[in-house]
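Residue numbering for the sequence shown follows our numbering, starting at 102 and increasing by one per position.
No residue lacks a Cβ here, since even glycine has one placed at the ideal position from N, Cα and C.
The model shown is predicted, which means the values in this text are computed figures rather than measured ones.
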Amino acid sequence: MVFKNVSDFKNRIKKILITAEEIDAAIGRAAKKIDSLYDGKPLIIVGILKGSFVFMADVCRRVTVPCEVGFMAAKSYFEGTQSCGEVKITLDLHRDIEDCHVVILEDIVDTGRTLNDVAALLRSRKPASLTVITLLDKPDRREVDFAPDISLFTIPDLFVVGYGLDCGEYYRNLPYIAEYGE
Ligand code: 5GP
102 MVFKNVSDFK
112 NRIKKILITA
122 EEIDAAIGRA
132 AKKIDSLYDG
142 KPLIIVGILK
152 GSFVFMADVC
162 RRVTVPCEVG
172 FMAAKSYFEG
182 TQSCGEVKIT
192 LDLHRDIEDC
202 HVVILEDIVD
212 TGRTLNDVAA
222 LLRSRKPASL
232 TVITLLDKPD
242 RREVDFAPDI
252 SLFTIPDLFV
262 VGYGLDCGEY
272 YRNLPYIAEY
282 GE
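Dropping the structure here:
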């Protein structure tokens, strides 16, 4: 990704859609929900890299149930800002999850292909339970029949960056979610 200058970099952030404060409040509600769902039972929280790294760090620090953390990565092939449908698991968990309670944290559900594949793979390993939580959901873009168990924000069909989400690996460190445009 090439920027002409710093203004060009900043000008591609078109509009803040979700503020840092709104995200923080939603994270608090999600952590309470996880606490009440698992009620003290040990949990493995699985973050899907890279996009979920900020979300994961914030959720983990707000839950009070005993939890381990693990990471997976799934590459969804993109043409520009559009997914072209192929998903490959590029990083897997380093432990067995049979009979364990597992929560998947994802940054965004777009076509649904990534989480559909990741959730099916984890379910095949016979966890005691599996809950899928996404920070953002773009239901208008769905191409497969997949619905997260918990979605913090529903957004329209826009390409967004910030709070872990990138464009060409940039903008992940923004504290808010913004619409991106060139
Ligand atoms: P899927 O289409 O499989 O549901 O989503 C795959 C991945 O595409 C997401 O995990 C995310 O990394 C990326 N993605 C989908 N929509 C957006 C978006 O609006 N912004 C960014 N930065 N990534 C997106």
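From the options, residue whose alpha carbon lies closest to that of residue i
i: residue 155; options: 189, 263 and 282; result: 263
i: residue 256; options: 174, 239, 197 and 107; result: 239
i: residue 217; options: 206, 116 and 247; result: 247
i: residue 153; options: 198, 144, 196 and 209; result: 209
i: residue 237; options: 187, 253 and 226; result: 253
i: residue 138; options: 177, 283 and 231; result: 231
Enclosing alpha helix (DSSP H) for residue i [first to last residue]
i: residue 215; result: 214 to 224
i: residue 109; result: 107 to 112
CB of residue i within 7 Å of CB of residue j, strictly
i: residue 228; j: residue 203; result: yes
i: residue 206; j: residue 157; result: yes
i: residue 145; j: residue 171; result: yes
i: residue 136; j: residue 164; result: yes
i: residue 267; j: residue 241; result: no
i: residue 283; j: residue 113; result: yes
i: residue 118; j: residue 234; result: no
i: residue 315; j: residue 245; result: Here the chain has residues from 102 to 283 only, and residue 315 is not among them.
i: residue 219; j: residue 175; result: yes
i: residue 58; j: residue 198; result: Residue 58 falls outside the range modelled here, since the chain spans only 102 to 283, and no answer is possible.
Status (buried if at least 16 other CB within 10 Å, exposed otherwise) for residue i
i: residue 221; result: exposed
i: residue 276; result: exposed
i: residue 200; result: exposed
i: residue 143; result: exposed
i: residue 215; result: buried
i: residue 107; result: exposed
i: residue 102; result: exposed
i: residue 140; result: exposed
i: residue 211; result: buried
i: residue 126; result: exposed
Closer than 7 Å to chain C by CB, residue i
i: residue 172; result: Although the question refers to chain C, the structure presented lacks it and comprises just one protein chain.
Beta strand (DSSP E) segment containing residue i, residue limits
i: residue 280; result: 278 to 281
i: residue 255; result: 251 to 255
i: residue 231; result: 230 to 238
i: residue 275; result: Element bounds for residue 275: n/a, residue is neither H nor E.
i: residue 206; result: 202 to 210
If we require 3 or more residues per run, which beta strand (DSSP E) segments fall completely within the region 139 to 200?
Every beta strand (DSSP E) of 3 residues or more that sits fully in the region 139 to 200 is shown, in chain order, as 144 to 150, 168 to 180 and 183 to 192.
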